[in-house]
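When you line the sequence shown up against mature numbering (1 follows the signal peptide of the UniProt record, and there is no 0), it's residues -22 to -1, 1 to 560, in that order.
By construction, the Cβ of each residue, glycine as well, lies at the ideal position given by its N, Cα and C atoms.
One structure is given below, encoded as structure tokens.
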Amino acid sequence: MKRTAILLSSGLLFTVATGSLAQNATPFTPGAPGINLPSLAPITTPGAVTPGTVPATPDSAATFGNPRVSSQGSVTRVVFDLPAGLTYALTPTFAGLRLDVQGARVQPAISAKLGASVSEYRAGAGQATLITPYPLAPNDGWRASEATLATGKRVLILELGPGISGGAGSSVRGQVRTSAPTSAAAQTVLNAPLPGSLPPGDQVRSSVPLPAPSLPDANPAQPSALQGSVPGPARPAPLGTPRIGKSPGQTRVVLDLPPGSSYRITTGPGGLNITLSGVTAAPQQATGVSPELRGWTYAPTAQGATVTLSTAARTTDRSGWRAQLLPPASGDLSRLVLDLSPALADRTPLTASQRTVQAVAPQFAARPTALLALSTSLVKPRVVLDPGHGGKDPGAVGAVIEKQVTLDVALRVRELLSAAGVDVILTRDSDRELHSVKTTDLQLRAAMGTPGTALFVSIHVNALEAAVALRGYGIETWWNPNHARSSALAALLQTQMVQQTGAFDKGLKNSQSLGVLRNSRVPAALVEIGFASHPVDGQNLQDSNYLDRVALGIAQGIREALVNGVTADGASAEPAPTAAKR
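So, in structure tokens, the structure goes:
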């Protein structure tokens, strides 16, 4: 039988026999070191998907998973067997490459690093996700192909690396999506902690942030201009191709507008729509521009044109983007400059009326008298705020130093709550640790939630290592089942912080290991107010207006908990009634 060695454009070498791969051939580059996967352990965390909970498929023997992996330099190759009857969809995302599978049971598993360009592997609930240390664009950062072995089996070959391009090749029979729905069961798989790992807060992670561009001549404290017009007499002109600037974590789009033209921007889950008048435009489009900009489209209208910017993350009027109309750099064309990043949050200043928290009424508290009888008196509700780290423990180091920002925010929260009638206790009010031993330090902080304390809130800044820094941005809140009301407290804090800042909502996380929560005897939560390692989120954390908004969100969340009985004793405190007019 004639055998021929063929080197594919993907860099994979196959031995072909009668048009198929030889039975003893392997879809890896010869000489590349293979990677064993002993850490592909079944997911057994509470609430995670287990084999017994996966719906049975028509062919109960058909399974998908157990990838074979090889690496060469920065390129990681992952190969999956494709059982007969299986269909799949590929979705490149900010976090990595997702595979949604039908016709076979996905074997639940979770693994740490598979290679230089696959930092985690998670599978279960009908999907498998290869998490990458960089965001993927539709055609950049990955490549997919299929091949048939001499045995007749099909394999899916995935290559991931920062220098890879091409996306799904012509041999791929699966569907390629720009976005994919996430079920509750699949989200459980994605959120499950790696075995032996600790959530943020109990560990120091140092990272040097990537530089983020500043917007020349613009003020980030100025609200994004949702509409505007270019000064001067109307002079309709053709709309040129948008000018694109790319930097880590952010993409900039510049539209050159003639005098007399106007624009109106609308936001939504798919990106931005910009309605222009006073211009002419021919239909044109581009796709796969960057991880932040999936594509852009020009559509002519009777008045001018509509420009659609398709983004990888949803946009709102206050987050995910920023836009300002700048004067001409030369000539007479003004510049509508739009920055796109899911980490862009609201950095406009709070108004005087916004800088207040509605009063919280005193609560009745039982106190022993000298005769051992009980008497009641009105006392302020007590809350403990824990600025994370301190002293020789800096916490996350990146665009900011965590211990400095957490104390800054805690002092702002104390000011807001004290004015609202809350007794606020800080675990530290200066740059110091409570104990030189980390575990003891955390125990001492948690122990400050003494009887009579209503709530405990620990404030932290997140960070990731430089290799995966672009994956981390936004706000998240952690809770522990130390108390029946801890999850409710965490939900109130997360909702209020996201509402006040417009920051990316990373949701709630349940931790069994965070000592500062686990050892607390009252409802407790740990808030992560942003990522010091992200080039855009790091700018948020450097901005006093953003920190004001974070502090207001924490204070409002605490107030909501106090007045609704989400406290250690379950007693609610309603605002003090105003005096009746005489």
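In the DSSP assignment, residue 438 is bridged to 506. The beta carbon of residue 387 is closer than 8 angstroms to those of 365, 437, 507, 525, 528, 529, 532 in its chain, skipping five residues each way along the sequence. Residue range 299 to 304 is occupied by the beta strand (DSSP E) that includes residue 303. When 259, 217, 272, 449 are compared, the shortest CA-CA separation from residue 250 is found for 272. For residue 151, the number of other beta carbons within 10 angstroms of its own is below 16, and it is reported as exposed.
Collapsing the DSSP output to three states places residue 89 in a strand.
For the set 256, 277, 254, 253, the Cα lying nearest the Cα of residue 262 is the one of 277.
DSSP assignment within the segment 251 to 306 yields the following whole beta strand (DSSP E) runs of 3 residues or more, N-terminal first: 262 to 265, 271 to 278, 282 to 289, 299 to 304. Look at the segment 462 to 492 and you find these whole runs of beta strand (DSSP E), each 3 residues long or longer: 483 to 488.
If the five residues before and after residue 118 are omitted, its C-beta is found closer than 6 angstroms to the C-beta atoms of 143, all from its own chain and listed in chain order.
Straight through space, the alpha carbons of residue 417 and residue 137 are spaced by roughly 42 angstroms. Residue environment analysis places residue 460 among the buried positions, since at least 16 neighbouring C-beta atoms fall within 10 angstroms of its C-beta. Taking 8 angstroms as the upper bound for CB-CB distance, residue 79 and residue 106 are in contact here, some 7 angstroms apart. Taking a contact as a CB-CB distance under 8 angstroms, the pair residue 534 and residue 377 does not count as one, their CB atoms being some 26 angstroms apart.
The alpha carbon of residue 95 has as its nearest neighbour, out of 128, 48, 103, the alpha carbon of 48. Judged by DSSP secondary structure, residue 382 falls within the alpha helix (DSSP H) whose first and last residues are 380 to 397. The Cβ atoms of residue 82 and residue 101 do not sit closer than 8 angstroms to each other. For residue 524, the enclosing alpha helix (DSSP H) stretches over residues 522 to 541. By the 16-neighbour rule on beta-carbons within 10 angstroms, residue 548 is exposed. Per DSSP, residue 406 lies in no alpha helix (DSSP H) and is assigned neither H nor E.
The beta carbon of residue 543 sits closer than 7 angstroms to the beta carbons of 549, 550 from its chain, once the five residues preceding and following it are set aside; these are given in chain order. DSSP, read as helix, strand or coil, puts residue 446 in helix. The shortest CA-to-CA distance from residue 55 to any of 392, 330, 92 is the one to 92. From the listed residues 422, 214, 482, the smallest Cα separation to residue 450 is found for 482. For residue 428, the closest alpha carbon among the candidates 308, 474, 546 is that of 546. By the neighbour-count criterion, in which a residue is buried when 16 or more other Cβ atoms sit within 10 angstroms of its Cβ, residue 517 is buried. For residue 212, the closest alpha carbon among the candidates 281, 202, 230, 153 is that of 281.
Taking the Cβ atoms as the reference, residue 236 lies roughly 7 angstroms from residue 257, within the contact range of under 8 angstroms. For residue 418, the enclosing alpha helix (DSSP H) begins and ends at 416 to 425.
Secondary structure of residue 200 (DSSP, three-state): coil.
Per the coordinates, the alpha-carbon of residue 215 lies some 10 angstroms from the alpha-carbon of residue 234. According to the DSSP secondary-structure assignment, residue 224 is paired through a beta bridge with 229. Judged by beta-carbon spacing, residue 246 lies beyond the 8 angstroms limit of residue 319, meaning their Cβ atoms are not closer than that value.
Taking residue 395 as the centre and dropping the five residues before and after it, the same chain places the C-beta of 335, 361, 402, 533, 536 closer than 7 angstroms to its C-beta, in chain order. Excluding residues up to 5 positions away in sequence, -13, 135, 147, 149, 150 lie with their Cβ nearer than 7 angstroms to the Cβ of residue 123 in the same chain. Remark: C-beta atoms of residue 145 and residue 52 do not approach each other more closely than 8 angstroms.
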